[in-house]
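Remarks on the structure that follows.
Protein chains: 2
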Amino acid sequence: MGGVDSGIFIRHNILGEWAKAMLVKVGVADADAGIVADSLLAANLRGVDTHGVTRMLGVYVKRIEAGVMNPVSRLEIVREKASTALIDCHNSIGQLGARFAMQKTIEKAGKTGAAFVATTHSNHYGAAAYWAMMALEHGLIGFSSVNAPATLAPTGGCQAAFGTNPFAIAVPAGKDIPFVLDMATTLVARGRIVLYAKQNKELQPGWAFDARGIPTTDPQVALKGLLAPMGGYKGYGIAFAVDILSGILTGSNFGKHFPGMLAENLEKPTDVGGVFAAINIESFMESGEFNARMEQAFAEVRGCAKAEGVERIYTPGEIEYTVAKERAQTGIPFPPEIHKEYIELGQRLGVPFPEA
Amino acid sequence: MGGVDSGIFIRHNILGEWAKAMLVKVGVADADAGIVADSLLAANLRGVDTHGVTRMLGVYVKRIEAGVMNPVSRLEIVREKASTALIDCHNSIGQLGARFAMQKTIEKAGKTGAAFVATTHSNHYGAAAYWAMMALEHGLIGFSSVNAPATLAPTGGCQAAFGTNPFAIAVPAGKDIPFVLDMATTLVARGRIVLYAKQNKELQPGWAFDARGIPTTDPQVALKGLLAPMGGYKGYGIAFAVDILSGILTGSNFGKHFPGMLAENLEKPTDVGGVFAAINIESFMESGEFNARMEQAFAEVRGCAKAEGVERIYTPGEIEYTVAKERAQTGIPFPPEIHKEYIELGQRLGVPFPEA
Numbered sequence: 207m208g209g210v211d212s213g214i215f216i217r218h219n220i221l222g223e224w225a226k227a228m229l230v231k232v233g234v235a236d237a238d239a240g241i242v243a244d245s246l247l248a249a250n251l252r253g254v255d256t257h258g259v260t261r262m263l264g265v266y267v268k269r270i271e272a273g274v275m276n277p278v279s280r281l282e283i284v285r286e287k288a289s290t291a292l293i294d295c296h297n298s299i300g301q302l303g304a305r306f307a308m309q310k311t312i313e314k315a316g317k318t319g320a321a322f323v324a325t326t327h328s329n330h331y332g333a334a335a336y337w338a339m340m341a342l343e344h345g346l347i348g349f350s351s352v353n354a355p356a357t358l359a360p361t362g363g364c365q366a367a368f369g370t371n372p373f374a375i376a377v378p379a380g381k382d383i384p385f386v387l388d389m390a391t392t393l394v395a396r397g398r399i400v401l402y403a404k405q406n407k408e409l410q411p412g413w414a415f416d417a418r419g420i421p422t423t424d425p426q427v428a429l430k431g432l433l434a435p436m437g438g439y440k441g442y443g444i445a446f447a448v449d450i451l452s453g454i455l456t457g458s459n460f461g462k463h464f465p466g467m468l469a470e471n472l473e474k475p476t477d478v479g480g481v482f483a484a485i486n487i488e489s490f491m492e493s494g495e496f497n498a499r500m501e502q503a504f505a506e507v508r509g510c511a512k513a514e515g516v517e518r519i520y521t522p523g524e525i526e527y528t529v530a531k532e533r534a535q536t537g538i539p540f541p542p543e544i545h546k547e548y549i550e551l552g553q554r555l556g557v558p559f560p561e562a
Numbered sequence: 207m208g209g210v211d212s213g214i215f216i217r218h219n220i221l222g223e224w225a226k227a228m229l230v231k232v233g234v235a236d237a238d239a240g241i242v243a244d245s246l247l248a249a250n251l252r253g254v255d256t257h258g259v260t261r262m263l264g265v266y267v268k269r270i271e272a273g274v275m276n277p278v279s280r281l282e283i284v285r286e287k288a289s290t291a292l293i294d295c296h297n298s299i300g301q302l303g304a305r306f307a308m309q310k311t312i313e314k315a316g317k318t319g320a321a322f323v324a325t326t327h328s329n330h331y332g333a334a335a336y337w338a339m340m341a342l343e344h345g346l347i348g349f350s351s352v353n354a355p356a357t358l359a360p361t362g363g364c365q366a367a368f369g370t371n372p373f374a375i376a377v378p379a380g381k382d383i384p385f386v387l388d389m390a391t392t393l394v395a396r397g398r399i400v401l402y403a404k405q406n407k408e409l410q411p412g413w414a415f416d417a418r419g420i421p422t423t424d425p426q427v428a429l430k431g432l433l434a435p436m437g438g439y440k441g442y443g444i445a446f447a448v449d450i451l452s453g454i455l456t457g458s459n460f461g462k463h464f465p466g467m468l469a470e471n472l473e474k475p476t477d478v479g480g481v482f483a484a485i486n487i488e489s490f491m492e493s494g495e496f497n498a499r500m501e502q503a504f505a506e507v508r509g510c511a512k513a514e515g516v517e518r519i520y521t522p523g524e525i526e527y528t529v530a531k532e533r534a535q536t537g538i539p540f541p542p543e544i545h546k547e548y549i550e551l552g553q554r555l556g557v558p559f560p561e562a
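Chains as they are written, first to last, in the numbering used here: chain A, 207 to 562; chain B, 207 to 562.
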């Protein structure tokens, strides 16, 4: 989570409408703009502001204005089998390829029991959880992962070779809330370092290194240096595996070959790849039985003996679920400097940023 | 890796023959015994002694003799779709269900592009990497994971709720060695703690906790306590995800409901589940191009600037590959106490343990 807890609060539905209008203003079709805005807003609601309107709307607008990301989507299936597909996204906004890919995945998994679909020549697609969670309303288990610009060194190295390369898994759990795991293979997401930098907050020790591989707690230094992988060589291995699936297998950028996917690169297409998978629960077990087993597992995990000082044990995705319920009431918090930036951006495009 | 570097060395092919003969002696069919012995021997060759003949042969023999694991295999497909299957293993030795499942996975992925097959009511299946690597000879990407008796607490808890729940991914890399990642979701595998205990070696700080959740470096205390997850809540999340796929979805044991899968449980079937997946590279890219991209990625990772004191950067699976080449020459090392135990076990069954 990269949530911020203070600042100016904007009601979420009003913020979503503004984000959509901004995207339409730079040439995105109405329906497409709605899809992108909804994905960003969902991240904000869940407290994942690193992937929300608060950070990404401005980035997407700048990249479209600079001509390095295509506002008009073109999604083409270039290879297809019963349980797989490869979709060339022709530099469309990442969310549009991701949504199309996950729809295909769900459709195929419904027929064959499991499916694995990939996108290529795409862009930043928001939070991985959003795409994995698309499977939930169909009663399927969903998965997604994506690679990203290099910021993590292999074990023994002091040079960036892999991105944060996040992945997400979503599983329905009957009457309980769903299981949703969305994690970067670094100890913390790069977007979190960016938020700390904007807020001038010191990093926790062990999160990052400077460019020579020496530990640092300065977010500005870390942004020019390296992020620590989670679990040492294990995080390196998972980041590499995500890079193979999302980058190498799809024909997209991999390893250190990224020109940057956010506002720091206004010159070249990102050419990022993503993968999407789904498993049809009914191919293994009646969904009623599966739901009962998930509810039991959740109850048993929450009922574990607690470490000293711990009030409750959360299931993966439970904190984000709770934040989403709160923020649907309170609105989405904007740190003052982002609020100011967005007021100016809205003025420039003639779409006034909503009042708090 | 849980390798031991000293002790008595036994030539690998002779050790494999002995392991096979021992299994036949307790009622395993000739071909089945060969499959199980080969899986264990491969782990020893790769330096993963925690999953090798050195540790598991004795365990399997004891469990078969006690009547809690079935020496005669019975593998039944109980659900099947174009890209999925569920195999009831009826308490057969884990390797036999795993091999059958991975064969089905490979066959299905060849037709539909991707497949996901599960086993239920099975037993310990050796190292996950062995099953993922079965995909390599068919030019596919392979995956396997399995759950295990609880030894890891959820974040905030001090009570075991998940096993080490390992998973493995294997990817062909053209003329280079394959990418093979095989990792427990704990910081270290439980088998490694067992080896340290047998050798009276102190654990590294941060690996384990005692039963109340307080850090310990005593392997005996750790075996009655908890293992630390890798990357904190991320390791907890991955262990939970593996448990959902391998245990909950397959109708096998999950969470804390394991009676034990090794020699500590000679009373009840283990009832463990496993999952196996494969992706057909040719459904996304010509294999020649894929291989070239993998070779390039490996060269670039190995060529990264090195941290101070580091001689070389290894790709995932490279250390195990190197050890396998060495051990094919030197033989498999046995610590003296295991050597003594196996001489006695061989004498008792009338299959003399090979001379060093």
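Note that beta-carbon positions come from the ideal geometry of N, C-alpha and C, so glycine has one too.
Three-state class that DSSP yields for residue i in the structure shown
| i | result |
| --- | --- |
| Pro542/A | helix |
| Glu408/A | coil |
| Ile549/A | helix |
| Thr311/B | helix |
| Ser458/A | coil |
| Ile519/B | coil |
| Pro425/B | helix |
| Ala395/B | coil |
| Ala530/B | helix |
| Ile487/B | helix |
| Leu221/B | helix |
| Gly209/A | At Gly209/A the pLDDT is 46, less than 50, meaning the model places this residue with poor confidence; the figure from the coordinates comes in the next sentence. Coil. |
Paired residues, beta bridge with residue i - DSSP
| i | result |
| --- | --- |
| Asp449/B | According to DSSP, Asp449/B bridges with nothing at all. |
| Asp255/B | In DSSP, Asp255/B forms no bridge with anything. |
| Glu282/B | Asp294/B |
| Ile375/B | Phe349/B, Leu387/B |
| Phe496/A | Phe496/A pairs with nothing; no bridge assigned. |
| Thr325/B | Ile293/B, Gly480/B |
| Pro435/A | Thr392/A |
| Phe215/B | Pro539/B |
Cβ neighbours of residue i in the same chain (closer than 6 Å, five flanking residues each side left out)
| i | result |
| --- | --- |
| Gly258/B | Leu246, Ala249, Asn250 |
| Thr476/A | Asn329, Met467 |
| Ile270/A | Val232, Pro277 |
| Gly209/B | Confidence at Gly209/B is low in this model, with a pLDDT of 46, below 50, so the placement of that residue should be treated as unreliable; the coordinate-derived value is given next. Taken in chain order, the residues that qualify are Gly253, Asp255. |
| Pro465/B | Asn471, Lys474 |
8 Å CB neighbourhood of residue i in its chain, flanking five on each side removed
| i | result |
| --- | --- |
| Phe446/B | Pro360, Phe368 |
| Thr370/A | Ala354, Thr357, Leu358, Ala390, Thr391, Thr392, Ala395, Arg396, Leu433, Ala445 |
| Gly316/A | His344, Leu346, Asn486 |
Distance between beta carbons of residue j and residue i, contact taken as under 8 Å
| i | j | result |
| --- | --- | --- |
| Ala338/B | Phe490/A | That pair is no contact at about 20 Å. |
| Ala483/A | Thr311/A | 6 Å |
| Ile216/A | Ala320/A | With 8 Å as the limit, Ile216/A and Ala320/A do not qualify as a contact, their Cβ atoms being about 40 Å apart. |
| Val557/A | Ser452/A | Contact flag wrong, Cβ pair sits at about 33 Å. |
| Ala341/A | Ala379/A | Not quite, the Cβ-Cβ distance comes to about 13 Å (not below 8 Å), so this is no contact. |
| Ile450/B | Pro425/B | That pair is no contact at about 30 Å. |
| Glu547/B | Gly264/B | 6 Å |
| Ala530/A | Arg252/A | 5 Å |
| Ala235/A | Lys226/A | Their Cβ separation, rounded to whole angstroms, is 11 Å, which puts Ala235/A and Lys226/A out of contact at 8 Å. |
| Gly213/B | Phe540/B | 5 Å |
| Val267/B | Leu472/B | Not really, about 11 Å apart at Cβ, beyond 8 Å. |
| Gly457/B | Ser350/B | Contact flag wrong, Cβ pair sits at about 18 Å. |
| Ala533/B | Ile454/A | Before going on, a small fix: residue 533/B reads as Arg here, not Ala. Not confirmed; about 30 Å, so no contact. |
Closer than 7 Å: residue i CB and nearest the ligand SAM heavy atom
| i | result |
| --- | --- |
| Ala403/A | The ligand SAM is absent from the structure shown, which contains no ligands of any kind. |
Sequence-distant residues of the same chain with beta carbon closer than 7 Å to residue i, five excluded per side
| i | result |
| --- | --- |
| Ile241/A | Gln301, Leu302, Arg305 |
| Asp189/B | An answer regarding residue 189/B cannot be provided, because it is not within the stretch 207 to 562 covered by chain B. |
| Phe504/A | Ala379, Asp382, Thr521 |
| Ala417/B | Lys430, Gly431 |
Chain C residues whose Cβ lies nearer than 7 Å to that of residue i
| i | result |
| --- | --- |
| Gly240/B | Included in the structure are the protein chains A and B, with no chain C among them. |
*Output, in sequence order along the chain, the residues in the region 371 to 386 of chain A whose CB is closer than 8 Å to any CB in chain B.*
The region 371 to 386 of chain A vs chain B, Cβ under 8 Å: Ile375, Val377, Phe385.
*Residues within the region 438 to 454 of chain B neighbouring chain A, beta-carbon criterion of under 9 Å*: Only those residues of the region 438 to 454 of chain B whose C-beta falls short of 9 Å from the nearest C-beta of chain A are listed: Gly438, Tyr439, Lys440, Gly441, Tyr442, Gly443, Ile444, Phe446, Ala447, Asp449, Ile450, Leu451, Gly453, Ile454.
*Would you list, in chain order, the members of the region 263 to 292 of chain A that have their beta-carbon closer than 9 Å to a beta-carbon of chain B?*
If you check each beta-carbon in the region 263 to 292 of chain A against every beta-carbon of chain B, the ones closer than 9 Å belong to Arg285, Glu286, Lys287, Ala288, Ser289, Thr290, Ala291, Leu292.
_Near-chain A residues of the region 230 to 256 of chain B - C-beta to any C-beta below 7 Å_ = So nothing in the stretch comes that close.
*Closer than 7 Å, Cβ to Cβ, to anything on chain A: give me those residues from the region 498 to 514 of chain B, in chain order.*
Cβ contacts with chain A come from Arg499, Met500, Ala503, Glu506, Val507, Cys510, Ala511, Lys512, Ala513.
*Would you list, in chain order, the members of the region 316 to 348 of chain A that have their beta-carbon closer than 8 Å to a beta-carbon of chain B?*
Those residues of the region 316 to 348 of chain A placed with their C-beta closer than 8 Å to a C-beta in chain B are Lys317, Thr318, Gly319, Ala320, Ala321, Phe322, Ala324, Ile347, ordered along the chain.
_Against chain B, which members of the region 351 to 367 of chain A pass a CB distance test of less than 9 Å?_
Within the region 351 to 367 of chain A, the residues whose Cβ lies closer than 9 Å to any Cβ of chain B are, in chain order, Ala359, Pro360, Thr361, Gly362, Gly363, Cys364, Gln365, Ala366, Ala367.
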